[in-house]
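If you count by our numbering, then the sequence shown holds residues 41 to 250, one letter each, in order.
This report refers to the structure that appears directly beneath it.
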Amino acid sequence: MRRLKLRSYVIPVLILFLLFGVYATYAIIESNKRLSKVPDHHVNDTITRKELPVINELEVIINPYTQADVVASKGFYDYKGSEEDQEKSITRYEDTYLQNTGVDFTSDTTFDVISILSGEVIDVKDDETLGKTIIVQHKNNYVSTYQSLSEVSVKKGDKVSQGKVLGKSGTNQMEKELGNHLHFELSINNQKVNPLEYLNKNLTVSTKEE
């Protein structure tokens, strides 16, 4: 039988491969140990910050008053409405006919005027023609306006909750024939809308859980 004779360099090469394998195995083990020492909360916090769930909350837009005998006396001027409804939604002031951009709520007695949603008072003013006026900014670019007030209970910059008393109904020069009333307007994305189509309806508010 013929014997195989190993060349002189084969054994050193095998030894080098063996040593490299041992070193690589040791490096992997040490790397795993270091990773296992990283606190879990760091990883969890990162994931939580990146994946905050969006929550859709429903809020019911309430009437801007609570008194039971308050009624809507003059409606919003709707370009698509009937001629009869449009005629009822026009105000004559100093020989000028104006289309009603809100709804007028009347009562024989003075009543509290409340915020239809939570928000921030962005303006309070007193106009000789329109009376005292309060404007409130809400979520989803909703803005509510309360005119013809006799009293004001808030100031600009105040945070108000839904149902917060803003003031009291009153009179103004433009709509003297209505007597004691509230002129109420609602804007969405800077567009005046018919308030009666939104009052007592659900408003979907998207918020991120903190």
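Just so you know, even glycine gets a beta-carbon here, dropped at the ideal spot from N, CA and C.
- By the criterion of at least three beta-carbon pairs nearer than 8 Å, the stretch 215 to 233 is in contact with the stretch 128 to 145.
- Using a C-beta cut-off of 8 Å, the stretch 131 to 140 makes no contact with the stretch 178 to 190, since fewer than three inter-stretch Cβ pairs fall below that distance.
- In this structure, the alpha-carbon of Ser122 lies about 34 Å from that of Asp163.
- Rounded to the nearest whole angstrom, the CA to CA distance from Ala112 to Val233 is 16 Å.
- Only residues of its own chain outside the window of five on either side were considered, and among them Val205, Leu206 and Gly207 have a CB closer than 7 Å to the CB of Ser193, listed in chain order.
- Apart from sequence neighbours up to five positions away, the residues of its chain that approach Leu236 with a beta-carbon distance below 8 Å are Ala112, Gly115, Phe116 and Val143, ordered along the chain.
- Listed in chain order, the alpha helix (DSSP H) elements of length 4 or more contained wholly in the stretch 123 to 183 are 123 to 128.
- With respect to Ser209, Thr150 sits close: the two C-beta atoms are nearer than 7 Å.
- Cβ-Cβ distances below 7 Å link Ile154 to Pro104, Tyr105, Thr106, Gly203, Lys204, Val205 and Leu206 in the same chain, with the five nearest sequence neighbours on each side left out; the list follows chain order.
- By DSSP's assignment, Glu191 forms a beta bridge with Lys208.
- Between Ile101 and Leu157, the beta carbon gap of about 6 Å places them in contact (Cβ cut-off 8 Å).
- If you check the CB distance, Glu160 and Gln177 come in under 7 Å.
- In the three-state DSSP reduction, Glu225 falls in the strand class (E or B).
- Of the candidates Leu189, Leu239, Asp152 and Ile175, the residue whose Cα lies closest to the Cα of Glu168 is Leu189.
- Taken atom to atom, the span from the alpha-carbon of Asp152 to that of Tyr133 is near 26 Å.
- Looking at the backbone, the Cα of Lys195 and that of Lys128 are separated by about 34 Å.
- For Lys196, there is no enclosing beta strand (DSSP E), since its DSSP letter is neither H nor E.
- Of the candidates Leu98, Thr136, Met214 and Gly197, Met214 places its Cα closest to the Cα of Leu170.
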